Amino acid sequence: MAIPYEYQADWSRLARLIVHQALETQPGERVLIHADPTYFPALTEAVRVEINRAGAVEVAVHALHPPGLERVRRQLRRREDAALKAMEDRAMADLFALADIYIWLPTSRAWNVGQSEEILKSWRGRSVHFHWVMDTTVDAGLFRRLSEINEAALDIDYGALTAHQRRVIAALRDATVEIIDRRGTRLRLRLPGAHFHLGNGNASKAFIESYARPGSARDREVELPAGAIRTVDIADTEGVVVTPPEVFGGRHVGSVRLEFAGNRITAVSSEHHDAFVRAVWASHTGDHDRFGELNVGVNPKLAMVPDVPAIPYYGYGAGVIRISVGDNAESGGPYRSSYHQWFFLTDATVTANGKVVIDEGRLVV
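Quick note on this note's numbering: the sequence shown kicks off at 7 and runs consecutively.
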């Protein structure tokens with residue numbers, strides 16, 4: 007569907023940020039782009055221009071699935087039939103094999119969920135994810151406001167961001183971490199020897215090759231706006247998480263309560279539609295009861311905004327905690343499941359070995 011508001015920005019400046027500053031694209035490098043021709047087409051063109059100015063080679067601009075095509079694909083079971091899925095995945099992997107760089111530009115269209123992430127686990131290139139606002143069903147005013155926040159969050163001191171992220175990582179790694187909030191969250195976990203994804207906006211070949219963990223697609227995916235640190239190396243989780251109002255299985259279920267013991271979720275309940283939530287939870291398979299990933303936001307320009315009824319850019323803002331439950335394959339973790347969901351805590355207090363890292367949603371380290 008079309009985006010709800012025709013936001014305007016200096017697309018050439020943003021394209022330079024992607025191609026030259028983040029990726030440090032070199033002459034002769036080969037670039038694959040995923041794009042939606044109805045979502046910021048001027049940005050797509052500007053990125054293509056800067057790829058040429060860098061002396062690189064554009065392999066292809068791959069259009070994602072508009073609604074009519076996606077309906078037909080579902081009717082034909084293109085992602086449900088194992089043979090058809092394998093055929094498409096092989097073809098996409100062959101396309102990636104031609105490229106050194108992958109750029110995912112904003113889209114309101116459907117895509118093959120998890121396909122590129124699976125490829126990136128073994129692909130030797132690097133990528134930028136420039137998602138912007140993926141839920142284009144939001145109203146025009148909210149889309150405009152989130153776009154303004156995203157654009158401002160690109161204009162930061164990236165060296166200072168990296169230094170701040172490293173301070174937070176140093177505080178958390180090898181620590182016993184406690185997370186509490188006013189809703190009733192009381193969670194304790196350990197991060198022994200934890201490897202952290204460093205979402206600092208640096209997608210250069212030198213940085214990715216020196217830092218990426220083998221098997222982690224996430225370490226080869228650099229998000230813009232930047233700001234997250236995250237780890238899958240979580241041990242000995244005990245306690246309770248009580249979330250803000252959530253959508254679970256397509257229903258607004260109010261607050262969700264997750265009970266942890268022995269590093270597993272032992273019970274799930276909700277404020278509304280509790281029987282439905284329990285039934286959906288029980289229907290999932292694999293490691294759905296695992297704490298898949300801990301994400302801590304560090305970007306000061308993506309912090310929560312009082313008059314905005316949404317969390318800016320997937321919780322990358324300073325002081326936001328994102329708890330991923332279930333499958334963590336994309337981040338190089340060991341858990342595989344039919345279930346994967348994010349739960350956000352925006353006003354939590356976090357301590358590491360007793361030292362306050364986040365104080366009621368304010369990052370203080």
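Heads up, the beta-carbon is just placed ideally off N, CA and C, and yes, glycines get one too. Here the structure is a predicted model, which is why all the values come from computation and not from measurement.
What does DSSP give as the partner residues of W348 in its beta bridges? S330
Neighbourhood of F297 by C-beta, 6 Å cutoff - its chain only, sequence neighbours within 5 removed: I240 and T243
Beta-carbon proximity list for T50, same chain, < 8 Å, skipping 5 on both sides: I39, A41, P43, V67 and L111
Going by Cα to Cα distance, which pick from E123, A116 and E64 is closest to M98? E123
If you scan the region 211–261 from start to end, which runs of the beta strand (DSSP E) of 3 or more residues do you find wholly inside it? 227–229, 234–237, 241–248, 252–254 and 257–260
Could you check whether Y322 and S153 sit closer than 7 Å to each other, using their CB atoms as the reference points? no
Any 3 or more C-beta pairs closer than 8 Å across the region 9–26 and the region 71–84: no
Can you list the alpha helix (DSSP H) stretches of 4 or more residues lying completely in the region 122–178, in chain order? 146–160 and 164–178
Using CA coordinates, which residue listed in L70, P231 and I125 is at the minimum distance from L160? P231
For E94 and Q121, I'd like the C-alpha separation in whole angstroms. 9 Å
Check whether the Cβ atoms of V286 and S276 sit closer than 7 Å, and answer yes or no. no
For R179, is the beta carbon positioned less than 6 Å from some heavy atom of the ligand MG? What this structure holds is no ligand at all, so the ligand MG is not there to describe.
How is the alpha helix (DSSP H) around I57 delimited, first residue to last? P47 to R59
If you compare alpha carbons, which of Q347, R226 and L101 is closest to L29? R226
On the three-pair Cβ rule with 8 Å, is the region 341–357 touching the region 186–193? yes
With a 10 Å radius around its C-beta and 16 neighbouring C-beta atoms as the bar for buried, classify S216 as buried or exposed. exposed
Might you give, ordered along the chain, the residues of its own chain that have their beta carbon closer than 8 Å to the beta carbon of L101, omitting 5 neighbours on each side? L38, V65, A66 and H68
Could you tell me how far apart the beta carbons of W348 and S330 are, in whole angstroms, since I believe they sit closer than 8 Å? 6 Å
What is the residue span of the beta strand (DSSP E) that S275 lies within? R270 to S276
Can you have a look at Q171 and say buried or exposed, based on whether 16 or more other CB atoms are within 10 angstroms of its CB? buried
Buried or exposed for H346, going by 16 or more other Cβ atoms inside 10 Å? buried
Please determine, among N58, L193 and R132, the residue with the shortest C-alpha to C-alpha distance to V248. L193
Would you mind reading off the limits of the beta strand (DSSP E) that contains K361? K361 to D365
Exposed or buried, S114, counting other C-beta atoms within 10 Å across all chains shown (16 or more means buried)? buried
Distance CB(G233)-CB(V314) smaller than 7 Å: no
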